[in-house]
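**Student:** One structure coming up, written as structure tokens, with questions to follow.
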Amino acid sequence: MTEKNELSAFLSKFMFRPELEGFIGIEREHFLVYGGGLASGMYAPHSKKFLEAVNDARWTYELSAYQVEARTNPQVDLSAIKLEMLENENLGNQVACDLGLKLVNREVAAHLHPLEVYPDPRYLEIAKNISPEKLDAACRVTGTHIHLGVRNIDHAIAVNNILISHLDKLCALGDHSSGERFRLYKVMAENWEPIAYQNQEHLFEVARSEGFIENPRNCWKLIRISIHGTVELRMFGSTDSVDEILEWVSVVKSITRKVF
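Numbering that gives the first Met the number 0 numbers the first residue of the sequence shown as 0 and each following residue consecutively.
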């Protein structure tokens, strides 16, 4: 395959939807703990049981069997984002309660024993191929991810690049663990630091050198271009406050206003 064809094959993995340019999506990761009895408050590796009970496409799994994730649909208005996050919260809390569990927003968990991975083929493969230290770090952190819809790869690069100059500010804004979440994240993701790409070819070369050319989902940078046709910000931690998440969204929208 020629270099040009390799580049085209790589770029075809990103599913851009121009009609969703400027739309926002939120992913909130939560830990599961036992809600009562002798194990009350202890971490509970029951994501599979929870997801079967919740039976809602907006809820999904993570690498750790102790975590679940709630997603919103793409929205433009902050009020619509808030409503959907509250709907997810209410549904998740009720289902967890029915199962004798609780959802908690905690950026860093204590060491999890036993360390259990959700039985998804991709995650099982990841767990098999990384060190115990990296697996432990990956399973002990949760966060809030903000997705910005972009129209194409060049727009994604422009949004990525403008956000990078504000990285330290954004990291500080969403940190509730005095940097411990970031410390563990960097153990898990050695290539965590975002890169300002010069163009499509530069992105392609970075993907090749860092090993995510076949699957861009294996890029773990704090700001990344996702296969869903978004620029994803992964530096924000966990919070009980939906309004705090909306404040983060407002800051991100303000930073990127010039490129939308």
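Backbone N, C-alpha and C fix where the C-beta goes; we use that ideal spot for every residue, glycine too.
If you're wondering where the values come from, they're calculated on a predicted model, not measured in any experiment.
With a 10 Å radius around its C-beta and 16 neighbouring C-beta atoms as the bar for buried, classify E124 as buried or exposed.
**Tutor:** It is exposed - the Cβ of E124 has fewer than 16 other Cβ atoms within 10 Å.
**Student:** Report the three-state DSSP secondary structure of W191 (helix, strand or coil).
**Tutor:** Three-state result, W191: coil.
**Student:** Give the range of the beta strand (DSSP E) segment to which S225 is assigned.
**Tutor:** Note, S225: beta strand (DSSP E), 222 to 225.
**Student:** Evaluate N198 with the Cβ neighbour count: other Cβ atoms within 10 Å of its Cβ, from every protein chain shown; 16 or more gives buried, anything less gives exposed.
**Tutor:** With fewer than 16 other Cβ atoms within 10 Å, it is exposed.
**Student:** If H146 and T238 are in contact, beta carbons under 8 Å, what's the gap, nearest whole angstrom?
**Tutor:** The pair is not a contact, with the Cβ atoms about 17 Å apart (cut-off 8 Å).
**Student:** Excluding the 5 residues flanking N160 on each side, which residues of the same chain have their C-beta closer than 6 Å to its C-beta?
**Tutor:** The residues are A195.
**Student:** Tell me whether E83 is buried or exposed, calling it buried when 16 or more other Cβ atoms sit within 10 Å of its Cβ.
**Tutor:** The residue in question, E83, is buried, as its Cβ has 16 or more Cβ neighbours within 10 Å.
**Student:** Quick check on the burial criterion: 16 or more other C-beta atoms within 10 angstroms. Buried or exposed for T296?
**Tutor:** It is not possible to answer for residue 296, since the shown part of the chain is limited to 0 through 259.
**Student:** Please check the pair R180 and V140, which I expect to be a contact at CB under 8 Å, by giving their CB distance rounded to whole angstroms.
**Tutor:** Between V140 and R180 the Cβ distance is about 5 Å, and since that is below 8 Å, they are a contact.
**Student:** Buried or exposed: where does C96 fall if 16 or more other Cβ atoms within 10 Å of its Cβ makes it buried?
**Tutor:** Per the 10 Å Cβ criterion, exposed.
**Student:** Using DSSP's beta-bridge definition, name the partner residues of F30.
**Tutor:** DSSP, once it has assigned bridges, lists Q66, V103 as partnering F30.
**Student:** Contact check, W219 vs W247 under 8 Å by CB: the rounded distance?
**Tutor:** Contact flag wrong, Cβ pair sits at about 20 Å.
**Student:** Under a Cβ-count criterion, where at least 16 other Cβ atoms within 10 Å of its own Cβ denotes burial, should H45 be classed as buried or exposed?
**Tutor:** The residue in question, H45, is buried, as its Cβ has 16 or more Cβ neighbours within 10 Å.
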